[in-house]
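Numbering (our numbering), first residue to last: 9 to 408. Here a beta-carbon is modelled for each residue, glycine too, at the ideal position from N, C-alpha and C. Note that the structure is a prediction, hence the values are computed from the model and not measured.
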C-alpha cells in the first residue's frame, strides 16, 4: 500500500512538473509588453525618458470614452490611470517632453459645439494632470504636426478651416502647456497634411500637400513663419475609393524623405516614398516602398541588433512609420510579409532591414522612436479577434 501511494505521488508530481508553461511573447529585441486593450487602430502614443517610458491611448468601457496612461520603468508596468481629461471623441494623440520633467500630450477632439479642435495637457511622471485639457486651435482642425523646441515648448502646425479650402495655421505652446494667443497665424492657403523634418542643428523643414493641383510644397520654418515655399513633387495618385492615411517626412545625414501610407479601395495598404536634398528644386515622383534582403550585414548605427543589407525589390511594404530625428540612416517601421520590421534608408535608397515580430493584420500605423542612447522603441496596435479590440503592444532594445 505504501508503495502504491509513493508511485501515485510520483506520477502526480511528474504531471505537475511537465505541464506546459505559457511562454511570454517576445520579439527579436526581447519582451513584448501589452500596455492595454482598446478599440484603436493606431499605436499608442509613447515617449522614452531616461528612467521610464510613458504611454497614452484612447480607452472605452461601460463608463464611456476616456484617455488612459501608464508608465514602464525598472519596476515594471504601472497601473493604468484614467486621465481626468473629459473627452467626447478624442483621437490622433501625440506625446512630447515638456518642462519640469513633465510630458505634453496633444490630441484632436470635438469642442462643446461639436467642432474638432487641437487640445493639449501637461502630465506629470506620476500620471497626474498638471494642466489641461487646453484648447489650442480656434478653427476646425483636421490634422496637425508639432515642432519640439529645446525648452519643452512646441510649435503646432495644423490644417483646418473650410473643407473645400483647407489652410495651415501655427500655434505656439509654452513648456507649461499654455498657448500664446498672440503667437498664432494663418501661414498657408490651399494647404493640407502638414509634416515636418527637424535636423540636428535645429533647422526645420515643413512639407504639405496642395489639394488643388496635388503638388507637394516645401518650406523652411522660422519664428512661426513659413519661408520660401516651393513645389517639389507630386503627391501619390488616388483613385475613387482610395484613401490617404498618412503623410510623413524624415531625414538622414544627407537627404530628406517623404512617405505616404495609402489604403486602396480594395482594402490593400501601400507605402510610398520619395527623397531629395534640402535644396533640390524638384524631387522624383513617389515610388512604392519595397525591398529584398541580401546575406550581407548592415550597420544600423543604433542599439537595435543585427540587420541584413537590403535593396529595393519584390517585397512590398505597408504601414510605414518614420522615426523622428536625424541620423546617418533613417529607420522606418513597416509591415513586410506578415512581420513588423525596421527598414533602414540611406542616401535616398533602401539599405538595410530587420524582422522584429510577426503581426496579424495591422490596420493602423505603428510608432518608432529612439532616445539619446540610440535604443529603439516600437509600438503598435494589433487586432485581437477574441476580444474584438486591439492589443496595444510595445517592444524595445533598452532594459530599464
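Item                                                                                                                                  : Value
Strand pairing of residue 47, partner residues [DSSP]                                                                                 : Paired residues: none, contrary to the question.
Where residue 341 sits in the DSSP three-state scheme                                                                                 : strand
Residues near residue 408 in its chain [Cβ-Cβ closer than 6 Å; skip 5 each side]                                                      : 81, 82
Length of the line joining the Cα atoms of residue 169 and residue 34                                                                 : 45 Å
Three-state secondary structure assigned by DSSP to residue 168                                                                       : strand
Which of helix, strand or coil DSSP assigns to residue 231                                                                            : coil
Same chain, Cβ closer than 8 Å to residue 26, five either side skipped, listed in chain order                                         : Note on residue 26: pLDDT 39, under 50, position unreliable in the model; the coordinate value appears next. Cβ neighbours of residue 26 beyond the five flanking positions: none.
Contacting residues, own chain, Cβ-Cβ under 8 Å from residue 250 (five flanking each side not counted)                                : 270, 271, 272, 273
Beta-carbon contacts of residue 246 that lie in its chain and below 8 Å, excluding the five residues immediately before and after     : 252, 270
Reduced DSSP secondary structure (H/G/I, E/B, other) of residue 69                                                                    : strand
Beta-bridge pairing of residue 102 - partner residues as DSSP gives them                                                              : 114
Expected contact under 8 Å - CB spacing of residue 91 and residue 76 to nearest Å                                                     : 7 Å
The segment 294 to 308 contacting the segment 207 to 223, beta-carbon criterion three pairs below 8 Å                                 : no
Inter-residue spacing [alpha-carbon to alpha-carbon] between residue 107 and residue 314                                              : 36 Å
Residues sharing a beta bridge with residue 362, DSSP                                                                                 : 350
is_contact[residue 223, chain D] using C-beta, thresh 9 Å                                                                             : Within the model displayed, chain D is absent; a lone protein chain is all it includes.
Reduced DSSP secondary structure (H/G/I, E/B, other) of residue 304                                                                   : strand
Buried/exposed call for residue 125, threshold 16 Cβ in 10 Å                                                                          : buried
Whole-Å CB distance - residue 364 paired with residue 403, under 8 Å assumed                                                          : 7 Å
Bounding residues of the beta strand (DSSP E) (the contiguous stretch that carries residue 397)                                       : 397 to 404
Identified DSSP bridge partners for residue 138                                                                                       : Note: residue 138 sits in no beta bridge, so no partner.
Sheet register partners of residue 75 (DSSP bridge)                                                                                   : 66, 91
DSSP bridge partner residues for residue 271 (one or two, in chain order)                                                             : 251, 277
Residue from 59, 64, 55 with nearest C-alpha to residue 45                                                                            : 64
Same chain, Cβ closer than 8 Å to residue 392, five either side skipped, listed in chain order                                        : 45, 398, 399
Meets three-Cβ-pair contact criterion under 8 Å: the segment 338 to 356 and the segment 375 to 386                                    : yes
Own chain residues within Cβ distance below 8 Å of residue 257, not counting five before or after                                     : 203, 204, 205, 213, 215, 264, 265, 266, 267, 330
Contacts around residue 94, its chain only, beta-carbon distance under 8 Å, and the 5 residues preceding and following it disregarded : 141
Same chain, Cβ closer than 6 Å to residue 147, neighbours up to 5 away in sequence not counted                                        : 168, 169
Residue 358 versus residue 209: straight-line alpha-carbon distance, rounded                                                          : 25 Å
Rounded Cβ spacing between residue 360 and residue 308 (contact assumed at less than 8 Å)                                             : 6 Å
Residue environment, residue 172, which counts as buried when at least 16 other CB atoms sit within 10 Å                              : exposed
Enclosing beta strand (DSSP E) for residue 294 [first to last residue]                                                                : Premise fails: residue 294 is in no beta strand (DSSP E) and is neither H nor E.
Residues of its chain near residue 241, where Cβ-Cβ distance is below 8 Å and the 5 sequence neighbours each way are ignored          : 223, 224, 266, 282, 284, 290, 291, 292, 293, 294
Where residue 333 falls: helix, strand or coil (DSSP)                                                                                 : coil
The beta strand (DSSP E) enclosing residue 56, as first and last residue numbers                                                      : 53 to 56
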